[in-house]
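Novice: The listed protein sequences derive, respectively, from chains A and B.
Sequential numbering from 18 applies to the first sequence in this note's numbering.
Sequential numbering from 52 applies to the second sequence in this note's numbering.
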Amino acid sequence: KLTYFDGRGRGEVARQLFHLSGVPFEDNRIPMAEWPAHKASMPFGKMPLLEVNGKPLPQSYAIFRYLAREFGFVGDSPFAAAWVDAVADQFKDYFDEIKSLLFVHFGFAQGDKEKMMKDVAIPARDKFFPMLEKIAKDNHNNGHFVGASLTWVDLLIAEHVSVLLKYMPGFLNDYPTVLSTVKKINSIPKLKEWIDKRPDSTF
Amino acid sequence: MPKYTLHYFDMRGLGELCRQIFALAEVDFEDKRYDMEKEWPAFKSQTPFRQLPVLEVDGKFIPQLYAHCRMLATEHGFAGKTPFDAAWVDAIADQHKDFYWGDFKKFWWRALDAAEGDLVHEELKTKFGIPERDKFFPLIEKQLTETGTGFLVGDSVTWADLLISEHVSVIVRVVPGFLDAFPETKKHAEKIRTIPQIAKWIERRPVTAH
Chain A
18 KLTYFDGRGR
28 GEVARQLFHL
38 SGVPFEDNRI
48 PMAEWPAHKA
58 SMPFGKMPLL
68 EVNGKPLPQS
78 YAIFRYLARE
88 FGFVGDSPFA
98 AAWVDAVADQ
108 FKDYFDEIKS
118 LLFVHFGFAQ
128 GDKEKMMKDV
138 AIPARDKFFP
148 MLEKIAKDNH
158 NNGHFVGASL
168 TWVDLLIAEH
178 VSVLLKYMPG
188 FLNDYPTVLS
198 TVKKINSIPK
208 LKEWIDKRPD
218 STF
Chain B
52 MPKYTLHYFD
62 MRGLGELCRQ
72 IFALAEVDFE
82 DKRYDMEKEW
92 PAFKSQTPFR
102 QLPVLEVDGK
112 FIPQLYAHCR
122 MLATEHGFAG
132 KTPFDAAWVD
142 AIADQHKDFY
152 WGDFKKFWWR
162 ALDAAEGDLV
172 HEELKTKFGI
182 PERDKFFPLI
192 EKQLTETGTG
202 FLVGDSVTWA
212 DLLISEHVSV
222 IVRVVPGFLD
232 AFPETKKHAE
242 KIRTIPQIAK
252 WIERRPVTAH
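(1) Around the C-beta of F125 (chain A), are 16 or more other C-beta atoms found within 10 angstroms, so that it is buried, or is it exposed?
(2) Below 9 Å between beta carbons is the criterion; list the residues of the stretch 221-246 of chain B that meet it against any residue of chain A, in chain order.
(3) Which term fits S77 (chain A), buried or exposed, when burial requires 16 or more other beta carbons within 10 angstroms of its beta carbon?
(4) Kindly indicate which residue of B:V105, B:V204, B:E77, B:A232 has the alpha-carbon position closest to the one of Y85 (chain B).
(5) Give the range of the alpha helix (DSSP H) segment to which D213 (chain A) is assigned.
(6) I want to see whether chain B comes within less than 8 Å of L74 (chain A), judged by CB atoms only; does it?
(7) So, using beta-carbon positions, are T259 (chain B) and M62 (chain B) closer together than 8 Å?
(8) With a threshold of 8 Å between beta carbons, is R121 (chain B) in contact with chain A?
(9) Excluding the 5 residues flanking A97 (chain A) on each side, which residues of the same chain have their C-beta closer than 7 Å to its C-beta?
(10) Would you call the CB atoms of I170 (chain A) and V101 (chain A) closer than 8 Å?
(11) Does Y78 (chain A) come within less than 8 Å of chain B when only Cβ atoms are used?
(12) Any beta carbon of chain B sitting closer than 8 Å to that of A85 (chain A)?
(13) Name, please, each residue of chain B whose Cβ falls closer than 8 Å to the Cβ of W100 (chain A).
(14) Starting from the beta carbon of T125 (chain B), find every residue of chain A whose beta carbon is closer than 8 Å, and list them in chain order.
(15) Output, in chain order, the set of chain B residues within a Cβ distance shorter than 8 Å of F146 (chain A).
(16) Do L84 (chain A) and L34 (chain A) come within 8 Å of each other at the CB atom, strictly closer than that value?
(17) Evaluate P92 (chain B) with the Cβ neighbour count: other Cβ atoms within 10 Å of its Cβ, from every protein chain shown; 16 or more gives buried, anything less gives exposed.
(18) With DSSP collapsed to three states, give me the class of N203 (chain A).
(19) Count Cβ pairs between the stretch 108-128 of chain B and the stretch 65-85 of chain B that sit closer than 8 Å; are there 3 or more?
(20) For Y59 (chain B), which of B:L68, B:P53, B:M52 has the nearest alpha-carbon?
(21) What first and last residue would you give for the alpha helix (DSSP H) that runs through H58 (chain B)?
(22) Hey, L214 (chain B) and H147 (chain B): beta-carbon distance below 8 Å or not?
(23) Taking C-alpha atoms, which residue in B:L57, B:S96, B:V225, B:T133 lies nearest to V204 (chain B)?
(24) So what's Y192 (chain A) in DSSP terms, helix, strand or just coil?
(25) Could you tell me how far apart the beta carbons of D79 (chain B) and L57 (chain B) are, in whole angstroms, since I believe they sit closer than 8 Å?
(26) Provide the residue span of the beta strand (DSSP E) that contains V69 (chain A), from first to last.
(27) In the structure shown, what three-state DSSP assignment does H48 (chain A) receive?
(28) Starting from P114 (chain B), follow its DSSP beta bridges and name the residues at the other end.
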């Protein structure tokens, strides 16, 4: 059972892993207004929360990695799995820098979008995306960021890039290999099927 | 056995976790320490993400400390005995990361070098140090109380124990009394540091300010 807000946010990669593997799960979506009542019952006071036969597991990346291991999306060797983790953690650092602007786009906060684009988003992008572009190129532009098969970091980045393309078109024009990798990921049949039918949300 | 080199600065900092895993596993590694001003700029462009620490395994780099620490710990049996336990080790480590790099940082980085009577330090402690402490350490207390084993996850030492105990031992030294409301946490840090391989490493590691 996955418990999260009624949006993609920090829960979507877990949902995608379930849909890709064909393993059924309870997609428990909590409306914003009801969240305060649930907070105290969460081990770390936050969502997403995964429950496995009733046993709770918090922290989004711990959840993604656990499911990816169970379902075979963690990388094809310990070294590859470590690189999947490294790219994901580097992405997390970048996301922490850019999220303040995204929250304004999602309607969670007020802010001057143009100023934040200049002061926050562009510097964050220019630190991270050249490295990611190189990673995709060094991986032979094969449609994955690490290795030769789908891993959870592919899903993590593809979801974020889709958000950027929606709210900030043109933002990643300098990173064609990243864009083509994301396009390939999003056209994986089982993933595309979920993307086409999932509930809509701003975030 | 692969040839391991840990590349980091001459401090404990973000490199200490990996060194302690090597010590615990009793695996040899080259402990390469870079002078921040004289040597790091030249090496920086060779690293995948322009950051340290980087672990080198048979000539290939793995950046991001949790990524290479998890790989090492998993290989040597210090990442939890089941996949679910391993996930809880990851969750505790990520929760600590959120705590350490969030608002607590505004107090902690000042505290590390604060002199006696530093008023800014006291102000930051009230504004950030105490509230953030009181959000994070109850989770550690609860976890230790629930396992009852002296370890954070399951009944054996994991890299989460090393991560938390190292930070706690520095807090206890730098801000005496700061964790007095968290007795299990303090006991845990003391116990982890008595594990023979860890105690031996602490004894012989270079002494650095941070």
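Backbone N, C-alpha and C define an ideal beta-carbon position, used for all residues, glycine too.
Specialist: Reading from the atomic positions:
(1) Against the first sequence, residue 125 (chain A) aligns to sequence position 108. By the beta-carbon neighbour count (other beta carbons within 10 angstroms, threshold 16), F125 (chain A) is exposed.
(2) The stretch 221-246 of chain B vs chain A, Cβ under 9 Å: nothing.
(3) For this step, residue 77 (chain A) is matched to residue 60 along the first sequence. S77 (chain A) should be labelled buried.
(4) Position 34 of the second sequence, counting from 1, holds the residue named residue 85 (chain B). Residue nearest to Y85 (chain B) within the set B:V105, B:V204, B:E77, B:A232 is B:V105 (criterion: CA-CA distance).
(5) Position 196 of the first sequence holds residue 213 (chain A). That run of the alpha helix (DSSP H) goes 206-214.
(6) Here residue 74 (chain A) corresponds to residue number 57 of the first sequence, with the count starting at 1. With 8 Å as the cut-off, L74 (chain A) counts as an interface residue toward chain B.
(7) Within the second sequence, numbered from 1, the residue matching residue 259 (chain B) stands at position 208. Within the second sequence, numbered from 1, the residue matching residue 62 (chain B) stands at position 11. Yes.
(8) For the purposes of this step, residue 121 (chain B) is identified with residue 70 of the second sequence, where counting begins at 1. True, the Cβ-Cβ gap to chain A drops below 8 Å.
(9) As a first step, residue 97 (chain A) must be located in the first sequence, where it is residue number 80. For A97 (chain A), where only same-chain residues beyond five positions count, the Cβ hits under 7 Å are V163, G164.
(10) Numbered from 1 along the first sequence, position 153 holds the residue referred to as residue 170 (chain A). Numbered from 1 along the first sequence, position 84 holds the residue referred to as residue 101 (chain A). Checking the displayed sequence, the identity of residue 170 (chain A) turns out to be Val instead of Ile. Less than 8 Å divides the Cβ of V170 (chain A) from the Cβ of V101 (chain A).
(11) Position 61 of the first sequence holds residue 78 (chain A). Taking Cβ atoms only, chain B reaches closer than 8 Å to Y78 (chain A), which makes this a yes.
(12) Taking the first residue of the first sequence as position 1, residue 85 (chain A) is located at position 68. It does not: the Cβ of A85 (chain A) has no partner Cβ on chain B nearer than 8 Å.
(13) To locate residue 100 (chain A), count along the first sequence from 1; it is residue 83. The CB of W100 (chain A) comes closer than 8 Å to the CB of I113, A118 in chain B, given here in chain order.
(14) Along the second sequence, one-based indexing puts residue 125 (chain B) at 74. Those are P95, listed as they occur along chain A.
(15) Along the first sequence, read from residue 1 onward, the residue named residue 146 (chain A) stands at position 129. Under the 8 Å cutoff, chain B gives no residues; its nearest Cβ is about 12 Å from F146 (chain A).
(16) Residue numbering aside, residue 34 (chain A) sits at position 17 when the first sequence is read from its first letter. Residue numbering aside, residue 84 (chain A) sits at position 67 when the first sequence is read from its first letter. In this structure, L34 (chain A) lies near L84 (chain A), with their beta-carbon atoms less than 8 Å apart.
(17) In the second sequence, residue 92 (chain B) corresponds to position 41, counting from 1. Classification of P92 (chain B): exposed, given that the 10 Å Cβ count is below 16.
(18) Here residue 203 (chain A) refers to the residue found at position 186 of the first sequence. It is helical.
(19) Output reads yes: the stretch 65-85 of chain B touches the stretch 108-128 of chain B.
(20) The residue you call residue 59 (chain B) lines up with position 8 of the second sequence. Ranking the options by Cα distance to Y59 (chain B), first place goes to B:L68.
(21) The count along the second sequence starts at 1 and reaches residue 58 (chain B) at position 7. Counting along the chain, H58 (chain B) falls outside any alpha helix (DSSP H), though it belongs to the beta strand (DSSP E) covering 55-60.
(22) Within the second sequence, the letter at position 163 stands for residue 214 (chain B). Within the second sequence, the letter at position 96 stands for residue 147 (chain B). Between L214 (chain B) and H147 (chain B), the CB-CB gap stays under 8 Å.
(23) Against the second sequence, residue 204 (chain B) aligns to sequence position 153. Closest option to V204 (chain B), Cα to Cα, is B:T133.
(24) Translated into positions along the first sequence, residue 192 (chain A) becomes position 175. Correct three-state label for Y192 (chain A): coil.
(25) Within the second sequence, the letter at position 28 stands for residue 79 (chain B). Within the second sequence, the letter at position 6 stands for residue 57 (chain B). That pair is no contact at about 11 Å.
(26) Here the question's residue 69 (chain A) lines up with position 52 in the first sequence. Segment 66-69, the beta strand (DSSP E) holding V69 (chain A).
(27) The residue labelled residue 48 (chain A) in the question sits at position 31 within the first sequence. According to the sequence displayed, residue 48 (chain A) carries Pro and not His. Here P48 (chain A) sits in coil by DSSP.
(28) Reading the second sequence from its first residue, position 63 is the one you call residue 114 (chain B). Among the bridge pairs identified by DSSP, P114 (chain B) is matched with B:V105.
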